[in-house]
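Structure first, commentary second.
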Amino acid sequence: MVSLVIISHSAKIAEGVKEMADQMTGGAVPIVSCGGFEGGLGTDEERIRAGIQAVYSPDGVLILLDLGSAVLTAESVLETLSDSEREKIAIADAPLLEGALFSSVEASIGSPLSKVKEVAEQAAFFRKLETGNS
Amino acid sequence: MEKVIVVRNPHGLHARPAAKFVRAASSVQEEVTIEKNGKTANAKSILGIMSLGVSRGDSVKLFVNAEEREDLMFRLEEILTAEDES
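Those protein sequences? They're chains A and B, same order as listed.
Per our numbering, residue 144 is the first one in the first sequence, and the count goes up by one each step.
Per our numbering, residue 14 is the first one in the second sequence, and the count goes up by one each step.
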């Protein structure tokens with residue numbers, strides 16, 4: 144099963160995203176939150192590296208992140224991993240919360256990393272107000 | 014096989030019930046769809062299900078592309094009609 148790594152500048156946001164995704168999946172998907180830096184806002188390479196290792200699976204790991212330097216930090220962590228590990232890890236170009244919720248459900252049904260990533264990225268186009276009710 | 018069901022779940026098919034529905038539908042290989050007001054969604058797609066916007070009181074048609082999937086049909090109906098679903 145693909146696992147998820149949630150990266151945010153805010154530890155509270157990362158924790159909250161994990162909390163909601165855990166509830167969607169009933170805890171079926173390994174999810175780790177990696178938020179904050181030295182007690183404040185920021186992204187922490189060490190925390191992210193430890194998070195990836197904690198949930199690493201040969202089925203794959205999908206990284207979801209918020210903005211800006213979160214991408215740079217995640218990429219520099221990936222550079223330190225072996226080629227075989229890195230090819231099992233993908234970064235989703237997706238909204239953090241919606242991407243995590245939808246992709247966690249996709250991961251819970253055993254979909255491959257490419258599909259889980261695709262669902263996370265499609266979450267950017269999910270309409271909240273114009274659903275089938277319209 | 015197909016069945017028309019009136020949704021009784023207080024929250025409709027949103028968030029947790031939607032996730033549960035997708036997991037149940039994904040337990041079989043066959044095609045499973047849900048239709049509301051002429052719009053059909055793949056029951057194995059969380060985005061498809063959430064985009065359909067199924068609420069309490071809606072009438073939906075479940076379709077399972079197999080003749081002997083009563084167990085799955087029952088499970089899906091159970092999710093849609095659970096009065097105490099949070």
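C-beta: ideal position from N, C-alpha, C; glycine also.
Asked                                                                                                                                                               : Found
Using only alpha-carbon positions, find the residue among P201(A), I206(A) and G182(A) that is nearest to R192(A).                                                  : I206(A)
Anything in chain A within Cβ reach of A32(B), meaning under 7 Å, just list it in chain order.                                                                      : M167, T168 and V248
A56(B) by DSSP, collapsed to three states: which one?                                                                                                               : coil
Find the residues of chain A that neighbour S60(B), judging by a C-beta separation of less than 8 Å, and give them in chain order.                                  : With the sequence shown as reference, residue 60(B) is identified as Leu, and Ser is not the correct amino acid for it. Residues of chain A passing the Cβ test: F245, V262, Q265, A266 and F269.
Under 9 Å, do A267(A) and V259(A) count as touching if we go by C-beta distance?                                                                                    : no
On a CA-only basis, which of S153(A), I156(A) and T168(A) is nearest G253(A)? Give me that one, please.                                                             : T168(A)
With a threshold of 9 Å between beta-carbons, can V35(B) be considered close to chain A, or not?                                                                    : yes
According to the Cβ coordinates, are D187(A) and C177(A) closer than 9 Å?                                                                                           : yes
Consult DSSP for G169(A) and reduce its assignment to one of helix, strand or coil.                                                                                 : coil
So, for F245(A): in the same chain, excluding its five sequence neighbours on each side, which residues have a beta-carbon less than 6 Å away from its beta-carbon? : V262 and A266
Kindly indicate the opening and closing residues of the beta strand (DSSP E) around G194(A).                                                                        : From DSSP, G194(A) is part of no beta strand (DSSP E) but of the alpha helix (DSSP H) over E188 to V198.
Identify every residue that forms a DSSP beta bridge with T223(A).                                                                                                  : BP columns for T223(A) are empty, so no partner.
Can you tell me whether G182(A) is buried or exposed, with buried defined as 16 or more other CB within 10 angstroms of its CB?                                     : exposed
Measuring straight from C-alpha to C-alpha, what distance separates S257(A) and E241(A)?                                                                            : 17 Å
Alpha carbons only, please: which of E44(B), D71(B), R82(B) and A54(B) is nearest the one belonging to M63(B)?                                                      : A54(B)
Given a limit of 8 Å on CB to CB distance, which residues of the stretch 61-73 of chain B reach chain A?                                                            : M63, S64, L65, G66, V67 and S68
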